[in-house]
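Peer 1: Before I ask anything, here is the structure I am working with.
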Ligand code: ADQ
């Protein structure tokens, strides 16, 4: 009786003997093991006989509750005594006749199925399955390393579809992603079987998939639910668990034997799930991502009632890895609580659509002030961007920095196995490996710095430089955007610590830390899709206000590192130096509000507005506005359309870790008539994007001349430069970046 104790056996004997007994059993992964293709996963004669035997047993209502189409189920279970639920509950066969559940219009799926089929053709191993009310993309046979690319593309298509057709949803199964009517769930089978079974029934629901969780959740206290554990252990609403379809079959055979009056010895009985203790749930995560802000992975209702989904580059890059490893993402909730209130932390239910669990910490007001606005954005941000005069330092900031790391680690440690892989992001979390090692974490830990790492003369200004450096060496892998950032880090390590430093490894306190340059990329497809007509209309409307003037475009978070005042001044200087451009070119500067409550940022905004006013006053004419300044955020489609409309992408930060706008601008261009990227030589992106027109944003006259050169460039040269730039953007994209980082981290051990 393999691990079953007496009371468990008694429990299952009572249940097996109960009349009436209703059984709801999923097929794939539960009764039938997975195969390479859905076609190959067929019920065998033994299984069919077992299901039929149970269905004919007095007092038993036997049902197969599957995502498969009606015709498939009927082919294997023709006997009307077996109740069938097809397509996750969209249709069901009771007493021999099929009925549809709910009113559904599956027509929108036709076009989606064609697009997904084309996608599957481009990705060897991917397979489209079309059913009456759902479309499924199977990726079991796609090589592991290629799944990320496929999923990024697939999610782009599916999420756009779902946004336009909110009655459908994307649901993740085991190595399959399915688009299905949101209102139809397997849970509807539970009350149906309860009614069919007779008075006071007890039910057993068995399944392996997230769609089966819907059945488990509506099971009543007298029912039992059994989850069949797959490699990807997730949080489950089931009370019992079994390992595989063989165990499910043997339990069903045992129930049949018990009811038939035999006393068969069970080979195996369901074991109680080690749940719902949160620690055991989260301990199953083998990848933890930690960043200051949490991504919005869930479908949320937007202000306009539309379903929206975050498509941020970091989220797109990491989601496939997190999903395939059952990962958790920990960060700040974005909420600040007053210091008298207790600090709240939490773990969200695993999001069905992404398979990723989110855990969060709220900040106290004092943490917000001293950690977030203080040490992170008032000390580290300006220091690491080499703006020493803007650096503010206080002991309170450093102490809050350590406190917040402790709070993150307190939440992470009990919910992560001590061997899990941890990936921390950015300057907010430089101490994370150190606080986790103190809590006994043994697994690989990596850090990626999204901003520059400064030279020694800057870094050494920090009173806690040596402590920070020492703590960083508790990571196994440190990733930076450029070789220069790596070189800066290594020279700081060798100057500040008694560490042994080589080209790519630092040895310190008996540990080895690998250091590497790994430039981040974007998801180029997101900027290449044809936009919706409403978006085209909106941007064309804006372009009409420019008249015949060509567009020079700046897009940034409003931050002093982005060099917006210098950029505006250089534009004005160009109008002075080359008056022939007056009336023929306009600068549109779009700044997304950022850290607006920090005084420095408010000052920056006021300065920009005053320069814009001065330039328009000085050069403007009745029919031409030289500079348009928009202080707002735009959606990805709008941005892509703006990038496409711009003759020059004017990307001139004074200092930037990478700068994704440069890459997005290139991805969005029409290859036959591309615009020119005018890029600061101080952006990390300049290392890979040498075919841009590189400029020095501190030299206003020079930048004015470079802008003139970009505007005059002939189509042949523009095309030649763009071809090379696009190849770079496509080759080193967000997904390859995340995969390379995780591979390098695994290789450190
Ligand atoms: P950021 O400083 O935020 O990132 P950047 O890389 O340019 O800078 O990314 C900005 C993102 O915001 C882009 O994806 C852009 O499309 C978007 N954005 C900007 N203005 C917008 C607007 N008005 N509306 C909507 N979206 C807008 C930090 C580092 C960078 C590094 C990234 C990634 O400072 O150097 O490239 O992380 O590592």
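In this note's numbering, the protein residues as written are 953 to 1701.
Quick reminder that beta carbons are idealized off the backbone N, C-alpha and C, glycines included.
Owing to the predicted nature of the structure, the values given are computational and were not obtained by experimental measurement.
CB residue 1422 to CB residue 1385, shorter than 8 Å?
Peer 2: Contact: no.
Peer 1: In the DSSP assignment, the beta strand (DSSP E) including residue 977 goes from what residue to what residue?
Peer 2: It spans 973-977 - the beta strand (DSSP E) in which residue 977 sits, taken as one unbroken run.
Peer 1: Please confirm if the stretch 1529-1540 is in contact with the stretch 1657-1672, defined as three or more CB-CB distances below 8 Å between the two stretches.
Peer 2: As far as the Cβ criterion goes, the stretch 1529-1540 touches the stretch 1657-1672, which means the pair count is three or higher.
Peer 1: Mapping the DSSP letters down to three states, classify residue 1682 as helix, strand or coil.
Peer 2: Residue 1682: helix per DSSP, three-state reduction.
Peer 1: Is it the case that the Cβ atoms of residue 1647 and residue 1641 are separated by a distance below 8 Å?
Peer 2: Not a contact, by the Cβ cut-off of 8 Å.
Peer 1: Can you check DSSP and say which residues form a bridge with residue 1013?
Peer 2: Looking at the DSSP assignment, residue 1013 forms a beta bridge with 974.
Peer 1: Please report the straight-line C-alpha distance between residue 1139 and residue 1171, rounded to a whole angstrom.
Peer 2: Straight-line Cα distance between these residues: approximately 9 Å.
Peer 1: In terms of residue numbering, what span does the beta strand (DSSP E) encompassing residue 1311 cover?
Peer 2: Per DSSP, residue 1311 belongs to the beta strand (DSSP E) from 1309-1316.
Peer 1: Name the DSSP beta bridge partners of residue 1176, please?
Peer 2: 1156, per the DSSP bridge assignment.
Peer 1: List, from N- to C-terminal side, the alpha helix (DSSP H) runs of 4 residues or more that fit wholly inside the stretch 1623-1673.
Peer 2: With a minimum length of 4 residues, the continuous alpha helix (DSSP H) runs that stay inside the stretch 1623-1673 are 1637-1640 and 1652-1664.
Peer 1: Keeping to the same chain, check which residues put their C-beta closer than 7 Å to that of residue 1550; ignore five residues upstream and five downstream.
Peer 2: Cβ within range, chain order: 1325 and 1329.
Peer 1: Which residue's Cα is closest to the Cα of residue 1519: 1567, 1160 and 976?
Peer 2: Nearest option by C-alpha distance: 1567.
Peer 1: Between residue 1048 and residue 1067, what straight-line distance do the alpha-carbon atoms span, to the nearest angstrom?
Peer 2: About 36 Å.
Peer 1: Please name the residue, chosen from 1061, 1684 and 1094, that lies closest to residue 1072 on a Cα-to-Cα basis.
Peer 2: Here the closest residue by C-alpha is 1094.
Peer 1: DSSP has residue 1405 in a bridge; who is on the other side?
Peer 2: Bridge partners of residue 1405: none, in fact.
Peer 1: Could you check whether the Cβ of residue 1460 sits closer than 7 Å to any heavy atom belonging to the ligand ADQ?
Peer 2: No.
Peer 1: Is residue 1159 closer than 8 Å to residue 1013 when the C-beta atoms are compared?
Peer 2: Going by C-beta atoms, residue 1013 is not nearer than 8 Å to residue 1159.
Peer 1: Under the rule that 16 or more other beta-carbon atoms within 10 Å means buried, what is residue 1090, buried or exposed?
Peer 2: The residue is buried, with at least 16 neighbouring Cβ atoms inside 10 Å.
Peer 1: Sort 1405, 1379, 971 and 1510 by Cα distance to residue 1445 and report the nearest one.
Peer 2: Among 1405, 1379, 971 and 1510, the Cα nearest to that of residue 1445 is on 1405.
Peer 1: Inspect the beta-carbon positions of residue 1006 and residue 1176 and report whether they are closer than 8 Å.
Peer 2: Not a contact, by the Cβ cut-off of 8 Å.
Peer 1: Tell me, please, whether the stretch 1395-1403 touches the stretch 1366-1373 by the rule of three or more beta-carbon pairs shorter than 8 Å.
Peer 2: Because the criterion of three Cβ pairs below 8 Å is met, the stretch 1395-1403 and the stretch 1366-1373 touch.
Peer 1: Look at the alpha carbon of residue 1453 and the alpha carbon of residue 1682, and state the distance between them as a whole number of angstroms.
Peer 2: Approximately 34 Å, taken between the alpha carbons.
Peer 1: Have a look at 1624, 1497, 986 and 969 and flag the residue whose alpha-carbon is nearest the alpha-carbon of residue 1215.
Peer 2: For the residues 1624, 1497, 986 and 969, the minimum Cα distance to residue 1215 belongs to 969.
Peer 1: May I ask you to list the residues that DSSP assigns as paired with residue 1044?
Peer 2: DSSP output for residue 1044 lists 1037 and 1051 as bridge partner(s).
Peer 1: Tell me whether residue 1399 sits in a helix, a strand or coil according to DSSP, three-state version.
Peer 2: Strand at residue 1399.
Peer 1: Starting from the Cα of residue 1135, find the closest Cα among 1040, 1471, 1148 and 1475 and give me that residue.
Peer 2: The shortest Cα separation from residue 1135 among 1040, 1471, 1148 and 1475 belongs to 1040.
Peer 1: Label residue 1462 either buried or exposed according to how many other C-beta atoms from any shown protein chain fall within 10 Å of its C-beta, with 16 as the threshold for buried.
Peer 2: Residue 1462 is exposed by the Cβ-count criterion.
Peer 1: Need the endpoints of the beta strand (DSSP E) that residue 1370 sits in, please.
Peer 2: Careful: residue 1370 lies outside any beta strand (DSSP E) and carries neither H nor E.
Peer 1: Run through DSSP, which three-state label would residue 965 get?
Peer 2: Note: residue 965 maps to helix in three-state DSSP.
Peer 1: Looking only at DSSP bridge pairs, what is residue 1120 linked to?
Peer 2: According to DSSP, residue 1120 bridges with 1133.
Peer 1: With a threshold of 8 Å, are at least 3 pairs of Cβ atoms found where one atom belongs to the stretch 1145-1157 and the other to the stretch 1120-1133?
Peer 2: The stretch 1145-1157 is not in contact with the stretch 1120-1133.
Peer 1: Under 8 Å, do residue 1475 and residue 1593 count as touching if we go by C-beta distance?
Peer 2: Contact: no.
Peer 1: Work out the CA separation of residue 1506 and residue 1580 for me, nearest whole Å.
Peer 2: For residue 1580 and residue 1506, the distance between alpha carbons rounds to 10 Å.
Peer 1: For the alpha helix (DSSP H) that residue 1491 lies in, which residues bound it at each end?
Peer 2: Counting along the chain, the alpha helix (DSSP H) containing residue 1491 begins and ends at 1485-1496.
Peer 1: Looking only at its own chain, which residues have a Cβ that is under 8 Å from the Cβ of residue 1621, when we skip the five neighbours before and after it?
Peer 2: 1595, 1596, 1627, 1674 and 1678, listed in sequence order.
Peer 1: Distance check for residue 1499 and residue 1286, CA to CA, integer angstroms please.
Peer 2: Each residue's alpha carbon lies about 42 Å from the other.
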